[in-house]
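Asks:
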Amino acid sequence: RLTRTKKWMNMAIAISTSSTVGGFWVAETPWFTYFWKGFGTLTAIFSIVKPFLNYDDDIKLTKEALDQYMLLDNDFHNLSISIRQTGKYDDESKKTFRTVMDKKTDVIRKFGGNPIPERYITRAFEKVKKELPETSFYIPEV
Numbered sequence: 093r094l095t096r097t098k099k100w101m102n103m104a105i106a107i108s109t110s111s112t113v114g115g116f117w118v119a120e121t122p123w124f125t126y127f128w129k130g131f132g133t134l135t136a137i138f139s140i141v142k143p144f145l146n147y148d149d150d151i152k153l154t155k156e157a158l159d160q161y162m163l164l165d166n167d168f169h170n171l172s173i174s175i176r177q178t179g180k181y182d183d184e185s186k187k188t189f190r191t192v193m194d195k196k197t198d199v200i201r202k203f204g205g206n207p208i209p210e211r212y213i214t215r216a217f218e219k220v221k222k223e224l225p226e227t228s229f230y231i232p233e234v
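One rule links them: number in this note's numbering = place in the sequence shown (from 1) + 92.
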């Protein structure tokens with residue numbers, strides 16, 4: 093979303109700074125004159141505000157957070173496969189689980205929790221519940 097917003101702002105600024113667009117024959121019509129003035133005002137505001145939005149930093153941080161969460165997901169997935177294959181939740185599995193949970197704690201401290209909006213999580217959770225009901229999982233006895 094941030095990348096898309098940045099792209100559209102850059103395109104608007106580039107178009108508004110082009111004198112070629114203002115030279116179109118349609119530019120002589122009254123409606124285009126008003127449009128071009130409004131568009132120019134909007135892009136001037138974009139030009140002023142853009143450096144303060146820090147889109148590049150936000151994009152980089154979001155990507156880094158997503159990468160870390162994907163690694164955590166992979167670690168949990170590998171653990172679940174191991175438990176399924178052995179059919180038990182032994183001391184080694186518990187140790188691995190604690191290690192992965194410690195990694196998760198570090199990621200949360202660094203990035204401030206889940207970077208994914210709550211509405212996406214809810215929608216995905218409902219979809220997973222439909223496709224994979226709880227009865228389809230092996231739950232070891234403790």
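Ideal Cβ positions, reconstructed from N, Cα and C, are used throughout, including at glycine. Remember, it's a predicted structure, so these values are computed and weren't measured experimentally.
With a 10 Å radius around its C-beta and 16 neighbouring C-beta atoms as the bar for buried, classify T121 as buried or exposed.
Replies: Burial call: exposed.
Asks: For the alpha helix (DSSP H) containing T125, name the first residue and the last one.
Replies: Where T125 is concerned, the enclosing alpha helix (DSSP H) stretches over P122 to L145.
Asks: Between the Cα of M193 and the Cα atoms of L158, A106 and L163, which residue gives the shortest distance?
Replies: Per the Cα distances, L163.
Asks: State whether the region 196-211 contacts the region 160-176, with contact taken as three or more CB pairs (one from each stretch) at a distance under 8 angstroms.
Replies: A contact exists between the region 196-211 and the region 160-176.
Asks: Nearest to K152 by alpha carbon, out of E233, F203, G179 and F217?
Replies: The shortest C-alpha separation from K152 is found at F203.
Asks: Note down the Cα distance separating F127 from K142, rounded to an integer number of angstroms.
Replies: Taking the straight line joining both Cα atoms gives about 22 angstroms.
Asks: Return helix, strand or coil for Y161, following the three-state DSSP convention.
Replies: Helix, per DSSP.
Asks: Evaluate A157 with the Cβ neighbour count: other Cβ atoms within 10 Å of its Cβ, from every protein chain shown; 16 or more gives buried, anything less gives exposed.
Replies: Under this definition A157 is a buried residue.
Asks: Contact between the region 128-141 and the region 98-105: three or more CB pairs below 8 angstroms?
Replies: The region 128-141 vs the region 98-105: in contact.
Asks: I need the straight-line Cα distance from T178 to D148, nearest angstrom please.
Replies: Taking the straight line joining both Cα atoms gives about 45 angstroms.
Asks: What residue does the alpha helix (DSSP H) around T197 start on, and which one ends it?
Replies: D183 to F203 is the span of the alpha helix (DSSP H), which, as asked, contains T197.
Asks: So what does DSSP say about Y230, is it helix, strand or coil?
Replies: Coil at Y230, not helix or strand.
Asks: Specify, as a first and last residue, the run of the alpha helix (DSSP H) that I208 falls within.
Replies: Note, I208: premise wrong, no alpha helix (DSSP H); not H, not E.
Asks: With a threshold of 8 angstroms between beta carbons, is Q160 in contact with chain D?
Replies: The structure shown contains no chain D; it is built from a single protein chain.
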